[in-house]
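Here is the structure we will look at.
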Amino acid sequence: MKNYSIITLGASGSGKTIFLASLFKVFSIQGKFGFSLDVQDSSKRMVMNKVFADLTTGEQWPLGTRNISEWALTAYVNNSEISKVPACKITYVDYKGGLITDVSTKDEENYGGYNDLETYVKEADAVLVILDGQKLLSLMQDHDLTNKVVFRWLNEDLSALMQMVDKCNKYIPVHFIISKWDLLEGSYSLPDVKKRLLNNVPEFYNVVDNRRKVSCPVRLIPVSSLGKGFAVLQPDGQMKKLSVNPHPMNVECPLAFALTDKLPNPGRSKQKPFKPTVWDWIVIGLCIALIQPSNGFVLIIAIVYFGFRLLRNKKQRLNEISSSEEAFEQILSKCQEIKKQFNADFPDSDLAKIPSFKSR
Ligand SMILES: Nc1nc2c(ncn2[C@@H]2O[C@H](COP(=O)(O)OP(=O)(O)OP(=O)(O)O)[C@@H](O)[C@H]2O)c(=O)[nH]1
Ligand SMILES: [Mg+2]
Numbered sequence: 138m139k140n141y142s143i144i145t146l147g148a149s150g151s152g153k154t155i156f157l158a159s160l161f162k163v164f165s166i167q168g169k170f171g172f173s174l175d176v177q178d179s180s181k182r183m184v185m186n187k188v189f190a191d192l193t194t195g196e197q198w199p200l201g202t203r204n205i206s207e208w209a210l211t212a213y214v215n216n217s218e219i220s221k222v223p224a225c226k227i228t229y230v231d232y233k234g235g236l237i238t239d240v241s242t243k244d245e246e247n248y249g250g251y252n253d254l255e256t257y258v259k260e261a262d263a264v265l266v267i268l269d270g271q272k273l274l275s276l277m278q279d280h281d282l283t284n285k286v287v288f289r290w291l292n293e294d295l296s297a298l299m300q301m302v303d304k305c306n307k308y309i310p311v312h313f314i315i316s317k318w319d320l321l322e323g324s325y326s327l328p329d330v331k332k333r334l335l336n337n338v339p340e341f342y343n344v345v346d347n348r349r350k351v352s353c354p355v356r357l358i359p360v361s362s363l364g365k366g367f368a369v370l371q372p373d374g375q376m377k378k379l380s381v382n383p384h385p386m387n388v389e390c391p392l393a394f395a396l397t398d399k400l401p402n403p404g405r406s407k408q409k410p411f412k413p414t415v416w417d418w419i420v421i422g423l424c425i426a427l428i429q430p431s432n433g434f435v436l437i438i439a440i441v442y443f444g445f446r447l448l449r450n451k452k453q454r455l456n457e458i459s460s461s462e463e464a465f466e467q468i469l470s471k472c473q474e475i476k477k478q479f480n481a482d483f484p485d486s487d488l489a490k491i492p493s494f495k496s497r
């Protein structure tokens, strides 16, 4: 089965955990997107469901993440008997955003975590960089760049994020997610935000330009994990919940781009080894008991039996692979549909195609 490793890079409070919970919720049951996601570890499933349930009940927001955790997700497609056929595995990593910005050799825990994160980034099949929509809103409103919060965001969070992205090799697609798009939508368009970022954040411009030059996919994807009207930003910077019904927007799009933009590394798929059954052990026992140097007959039976078993095992595996490959093809085609719709809604999202680059 194909295996994808996706990592999101985002500073503390940028919306990584809520994005994961929302993605998990949207894909918990096969619906309009034609596939579902599940975690094998049921305790992790409960954690994610609880994050989303807590979001919709009570006034509090989930606490910040404390450590690095790996989420082994499996994407499934229902076959004609409505049973779930596994199509691919997706490894997703969540962590406290402070790991990116508060790294210091004195803080052993953070320093080790940062190194782990760097390894995940180097081995990822796709990198999703989360630009905090709340901070981006402040940047859009701060025409003269005098706001200290904006200054800090640009010089600490974004700077650290861009340095990490710069380490990704040119074969890894990098997409920039604008989180909390519900806060910007209505006041600013995607082209407005794109222009502001490219014109006022040189590190962002350079990272995008470097990737564009080597034809590496790079996009700006507006996402709202909770949707419009779920929460409102208070004048003091606090987020107040208004509704109990989140309407996630575009959460499926980064996944669709991540799955379709890069061919999976074939070296990572592991072959299923031959596993002896109880009958195999009985035959092995009998052969050992009966076999004698002169008894060629028992030897022939053993060779025929195990030859047959190996052939059957191979056929079974091929069947499994072909149904899983078919399911994966189905997911890819669904992802293409998601991308098509997104490109129609946000034609300016492709950062690799910027005619204004030269006239900057
Ligand atoms: N309006 C709005 N607010 C959001 C959205 N997603 C997240 N938030 C707000 O952002 C806060 C932080 O979100 P988290 O997902 O916990 O952020 P994180 O990146 O996981 O933070 P760390 O775990 O500290 O690294 C939440 O408590 C919400 O107030 C969204 O889609 N819309
Ligand atoms: Mg978190």
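Residue numbers (this note's numbering): 138 to 497. Quick reminder that beta carbons are idealized off the backbone N, C-alpha and C, glycines included.
For residue i versus residue j, is the C-beta spacing smaller than 7 angstroms?
i, j, result
"I107", "A261", "Past the edges of the chain, shown from 138 to 497, lies residue 107, and the structure says nothing about it."
"P383", "G366", "no"
"V176", "A464", "no"
"C305", "L396", "no"
"C225", "K169", "no"
"V258", "I143", "no"
With DSSP collapsed to three states, give me the class of residue i.
i, result
"L379", "coil"
"A426", "helix"
"P354", "coil"
"M138", "coil"
"V258", "helix"
"T238", "helix"
If you draw a straight line from the C-alpha of residue i to the C-alpha of residue j, how long is it?
i, j, result
"L157", "I475", "18 angstroms"
"L146", "E218", "39 angstroms"
"K153", "S380", "21 angstroms"
"I251", "S206", "Note that residue 251 is Tyr in the sequence shown, not Ile. The straight-line gap from Cα to Cα measures roughly 13 angstroms."
"Y232", "T238", "12 angstroms"
"V369", "F164", "26 angstroms"
"V230", "A209", "9 angstroms"
"K350", "V264", "18 angstroms"
"E340", "D294", "12 angstroms"
"Y141", "T211", "10 angstroms"
"W198", "Q167", "27 angstroms"
"N292", "L282", "12 angstroms"
"D417", "G150", "56 angstroms"
"K377", "Q467", "40 angstroms"
"F483", "W318", "13 angstroms"
In terms of alpha-carbon separation, which member of the options lies closest to residue i?
i, options, result
"V302", "T414, N347, Y229", "N347"
"L276", "Q478, M376, K332, V230", "K332"
"R356", "W318, S220, A489, M299", "A489"
"V344", "D319, F313, I419, P372", "F313"
"Q300", "E255, I425, V188, N480", "E255"
"T414", "Y442, S461, G270", "Y442"
"C390", "L160, P354, A148, I155", "L160"
"I437", "V420, V184, Q278", "V420"
On the criterion of 16 or more Cβ atoms from any shown chain inside 10 Å, does residue i qualify as buried, or is it exposed?
i, result
"S316", "buried"
"L447", "exposed"
"V286", "exposed"
"I358", "buried"
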